[in-house]
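Protein sequence lines, in the order shown, are assigned to chains A, B and C.
Just add 22 to the spot in the first sequence (first one is 1) and you have this note's numbering.
Just add 22 to the spot in the second sequence (first one is 1) and you have this note's numbering.
Just add 22 to the spot in the third sequence (first one is 1) and you have this note's numbering.
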Amino acid sequence: MKNSPQAALTTLRATRPLVHNITNYVVMNFTANALLALGASPVMAHAAEEVDEMVALSGALVINIGTLSTPWVSAMQQAMQTAARLGKPIILDPVGAGATSFRNQVLVQLLAQATPTVIRGNASEIRALAGLTGSTRGVDSTDSSLQSIEAARILHDRHGCVVSVSGAVDVVLDGKQVALIENGHSVMSQVTGMGCSASSVAAAFCAGGGSMFEAAVAAATTMGVCGEMAAERSTLPGSFQIHFLDALAEISPELLTEKAKIAWQEI
Amino acid sequence: MKNSPQAALTTLRATRPLVHNITNYVVMNFTANALLALGASPVMAHAAEEVDEMVALSGALVINIGTLSTPWVSAMQQAMQTAARLGKPIILDPVGAGATSFRNQVLVQLLAQATPTVIRGNASEIRALAGLTGSTRGVDSTDSSLQSIEAARILHDRHGCVVSVSGAVDVVLDGKQVALIENGHSVMSQVTGMGCSASSVAAAFCAGGGSMFEAAVAAATTMGVCGEMAAERSTLPGSFQIHFLDALAEISPELLTEKAKIAWQEI
Amino acid sequence: MKNSPQAALTTLRATRPLVHNITNYVVMNFTANALLALGASPVMAHAAEEVDEMVALSGALVINIGTLSTPWVSAMQQAMQTAARLGKPIILDPVGAGATSFRNQVLVQLLAQATPTVIRGNASEIRALAGLTGSTRGVDSTDSSLQSIEAARILHDRHGCVVSVSGAVDVVLDGKQVALIENGHSVMSQVTGMGCSASSVAAAFCAGGGSMFEAAVAAATTMGVCGEMAAERSTLPGSFQIHFLDALAEISPELLTEKAKIAWQEI
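Here is the structure:
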């Protein structure tokens with residue numbers, strides 16, 4: 023990697039990118055607070071009448087299908103088309119992929135509108151989207167990473183985008199390289215919206231330009247390191263989520279570099 | 023009661039039930055975090071295209087009418103029918119019953135789709151749904167419990183379901199027995215979503231099977247005991263809500279048994 | 023001013039006004055918790071079938087356009103008409119005014135339904151609504167206050183309502199007088215929903231009757247003083263928002279008077 027997560031965070035703080043989120047109701051508040059704490063600006067807008075203008079104002083677009091309905095799907099399609107036309111990064115979070123046929127159909131529709139810059143989800147969502155069956159539950163982390171790499175490679179080959187998979191070890195992959203990020207803490211799975219926030223944080227880094235692979239690595243590393251910082255203060259889920267927001271504000275480029283555990287290789 | 027709340031909590035932690043919530047916008051985040059902290063898994067989905075599949079995947083369904091609109095009412099009806107057909111527990115939270123004629127009409131419609139397993143609300147909602155007029159405000163807790171029992175009995179006789187009423191003393195009633203639960207703390211009424219979370223926690227316990235009366239008692243007791251544990255750390259509402267989520271994660275079967283104040287009798 | 027913020031807070035605590043919020047998804051939870059912590063009662067309802075009854079039950083109405091869509095705009099129009107007919111205070115929060123043409127059009131439509139009692143927004147929103155162009159970013163607080171006064175005066179002259187502008191110095195203005203409030207802390211801009219909550223807190227004070235100018239001043243002062251109290255405990259954004267809710271519960275009329283920094287003059 024040419025640029026470190028440290029450099030990406032410095033850019034993010036200096037530019038304060040506006041991130042347009044069309045996301046689910048459950049996580050809107052936490053996502054907005056996560057972006058603000060990190061140093062980005064959130065906006066949420068889903069009306070057909072204004073999504074084009076909002077995309078144009080923003081540095082990146084997040085599409086998160088957590089609480090779908092037909093009008094929202096239309097707005098997501100429109101926003102993705104506009105973002106693609108304007109060259110804005112698109113981060114797609116396939117929440118609950120594989121859980122219902124409606125979600126799977128919507129994902130097909132969305133992926134037909136525009137190629138996302140980054141597809142970011144957890145291991146089971148990424149595997150479902152890749153068409154791989156079987157649960158990763160109970161599989162140990164080494165095998166799980168291999169499975170995530172397999173699924174990410176399929177999605178990359180199909181769509182030509184960066185794929186970021188969260189898990190005990192996070193995997194970020196594009197056609198030439200893969201990064202394994204060993205930061206994070208298990209309590210993160212006990213707080214709603216951590217994955218959704220990871221997608222919005224990825225958008226904030228992608229808005230800074232440069233390598234989208236490196237932006238996705240910086241985002242996953244930032245989430246993981248801030249998770250560790252928060253877990254040092256409390257591993258109880260209520261307190262943890264507050265400390266996590268604090269950590270997003272506290273994380274410095276230097277701390278990020280010091281604590282990052284990234285294994286990177288060409289493929 | 024054959025089984026203690028302790029046994030119900032042990033089952034919940036072991037089985038990690040998926041709870042499908044069609045609930046209001048205000049409490050979605052807190053409800054999801056409460057379920058995760060306790061050891062259950064939340065899902066929120068309200069699209070007509072996917073509610074049937076999501077009900078089928080879930081261990082129980084929560085219907086909460088806090089921020090109604092026509093498309094959501096349709097989804098609620100559909101989900102209740104599917105849950106009834108599949109034999110999944112349905113927990114109905116009649117938020118704001120009696121406040122507007124629309125809410126009252128929707129409740130009639132919902133109750134015509136399927137019989138809930140548990141109707142859970144606060145005293146004024148349960149009294150309104152039972153057709154009793156008059157506020158319980160200012161009434162002391164003893165009288166209030168008697169009023170809740172009266173309203174719960176009417177609803178039970180009409181619908182044949184368990185009725186759970188929150189208040190200074192919680193009341194859980196079915197046709198054969200009533201439990202009075204004296205756990206809880208007054209600061210709980212200063213935090214939004216405590217009642218709504220109580221309904222989702224009830225769903226998590228009902229998903230474990232067995233007696234639905236005992237599941238509702240276990241849920242009300244868990245909420246009350248966790249409220250007491252949190253109030254020992256802070257009775258200011260911001261801090262309290264964080265400590266409450268922590269307490270849901272910390273509560274053990276042993277602590278629950280030790281702190282439970284349940285008076286139970288056949289009727 | 024005849025009545026101090028102290029008197030207004032005493033009234034609020036004694037009357038526990040019901041505040042009807044038609045607001046955005048992002049801030050609903052935080053807004054409801056802020057109102058509860060302060061001593062008011064929140065309700066959120068946006069269905070055409072019930073907004074009239076809910077307005078009639080409430081002491082004041084908040085219209086916040088943060089996450090617009092057509093059905094919500096209809097409900098907002100209907101609620102404003104009903105509130106005007108019933109003489110209930112209306113607080114309009116023009117979130118994101120100027121960002122998209124849709125928001126600007128909706129604001130024109132809303133302002134054609136009824137005259138708000140208070141228009142409350144941040145400096146750039148109020149300037150956009152007043153038709154003034156140019157960003158206030160980077161302008162120091164003195165100039166910023168002068169710019170806010172200019173914009174507020176235009177809106178007052180056009181609509182005849184109180185205008186409340188948040189910023190480093192808050193400005194509240196009606197046709198006869200202006201108040202500059204120097205309370206608050208910069209971390210407030212790193213937490214989502216502080217402005218939206220300020221509008222709902224203004225509604226809670228307006229529900230108490232008397233001078234709407236003084237109610238708006240009391241609300242802005244309460245927000246600012248509670249922000250200072252919370253910032254004394256933590257200036258990290260996650261912890262701050264929890265301490266802020268605590269401060270809303272802790273603030274007493276005496277503390278409010280002691281800490282208020284209000285400069286008031288006739289104009």
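A virtual CB, placed ideally from N, CA and C, is assigned to each residue, including glycine.
Beta-carbon gap between residue i and residue j smaller than 8 Å
i         : j         : result
Gln263(C) : Val223(C) : no
Ile138(B) : His181(B) : The amino acid occupying residue 138(B) in the given sequence is Pro; Ile does not appear at that position. Going by C-beta atoms, Pro138(B) is nearer than 8 Å to His181(B).
Cys248(C) : Phe266(C) : yes
Ala173(B) : Leu154(B) : yes
Ala21(C)  : Ser219(C) : A question about residue 21(C) goes unanswered here, because the residues of chain C that appear run from 23 up to 289.
Met50(B)  : Val48(A)  : yes
Pro259(A) : Ala30(B)  : no
Leu79(C)  : Ala121(B) : yes
Ala237(C) : Gly230(C) : yes
Glu204(B) : Lys283(B) : yes
Met102(B) : Gln127(B) : no
Val65(A)  : Thr104(A) : no
Ala201(B) : Ala285(B) : yes
Val95(C)  : Ile113(C) : no
Thr45(B)  : Thr32(B)  : no
Ile171(A) : Ala152(A) : no
Proximal residues of chain F, C-beta to C-beta of residue i below 9 Å
i        : result
Met66(B) : Annotation note: the requested chain F is absent from the structure, which comprises protein chains A, B and C.
Whole-number beta carbon distance between residue j and residue i, since they are thought to touch under 8 Å
i         : j         : result
Val41(C)  : Gly81(C)  : 7 Å
Phe235(C) : Gln199(C) : 6 Å
Leu83(B)  : Ala225(B) : 7 Å
Gln100(A) : Pro275(A) : With a Cβ gap of about 36 Å, Gln100(A) and Pro275(A) do not count as contacting.
Ser221(A) : Asn25(A)  : Between Asn25(A) and Ser221(A) the Cβ distance is about 21 Å, and since that is not below 8 Å, they are no contact.
Leu129(A) : Ala119(A) : 6 Å
Glu250(A) : Gly206(A) : 7 Å
Asn39(A)  : Ala70(A)  : One detail in the question is off: residue 39(A) reads as Pro in this sequence, not Asn. About 24 Å; that fails the 8 Å criterion.
Asp192(A) : Val184(A) : About 13 Å; that fails the 8 Å criterion.
Arg125(A) : Glu72(B)  : 7 Å
Local Cβ density within 10 Å of residue i, reported as buried at 16 or more and exposed below that
i         : result
Ile273(B) : buried
Ser123(C) : exposed
Gly160(C) : Because Gly160(C) sits at a pLDDT of 38, beneath the cut-off of 50, its placement in the model cannot be relied upon, and the following sentence gives the value as read from the coordinates. Looking at its Cβ environment, which holds fewer than 16 other Cβ atoms inside 10 Å, Gly160(C) is exposed.
Ile289(B) : exposed
Ala59(C)  : buried
Arg142(B) : buried
Ser208(A) : exposed
Leu168(B) : exposed
Thr92(B)  : exposed
Thr158(B) : Residue placement at Thr158(B) is poorly supported in this model, since its pLDDT is 42, which falls under 50; the coordinates are not used for a value here.
Ala36(B)  : exposed
Ala269(A) : buried
Asp162(C) : Residue placement at Asp162(C) cannot be trusted, given a pLDDT of 42 that sits under 50; what the coordinates show is reported in the next sentence. It is exposed - the Cβ of Asp162(C) has fewer than 16 other Cβ atoms within 10 Å.
Asp74(A)  : buried
Asp115(B) : buried
- Quick one, which residues of the region 262-280 of chain B are near chain A if we go by CB-CB under 9 Å, in chain order? Gln263, Ile264, His265, Phe266, Leu267, Asp268, Ala269, Leu270, Ala271, Glu272
- Where the region 227-259 of chain B meets chain A: residues whose CB sits under 8 Å from a CB there: So nothing in the stretch comes that close.
- Message: Does the region 185-196 of chain B come into contact with the region 237-251 of chain B, if we say contact requires no fewer than three beta-carbon pairs (one atom in each stretch) closer than 8 Å?
- Response: yes
- Query: If you measure beta-carbon to beta-carbon, which residues of the region 121-135 of chain B are closer than 7 Å to chain C?
  - Reply: Ala121, Thr122, Ser123, Phe124, Arg125
- Members of the region 68-86 of chain C near chain B, C-beta cut-off 7 Å: His68, Ala69, Glu71, Glu72, Glu75, Met76, Leu79
- Item | Near-chain A residues of the region 90-123 of chain B - C-beta to any C-beta below 8 Å | Those residues of the region 90-123 of chain B that come within reach of chain A (Cβ to Cβ, closer than 8 Å) are Pro93.
- Query: Listed from N- to C-terminal order along the chain, which residues in the region 51-64 of chain C have their beta-carbon within a distance smaller than 8 Å of any beta-carbon of chain B?
  - Reply: Asn51, Ala54, Asn55, Leu58, Ala59, Pro64
- Determine which residues of the region 24-40 of chain A have a Cβ less than 8 Å from any Cβ of chain B, and write them out in chain order. none
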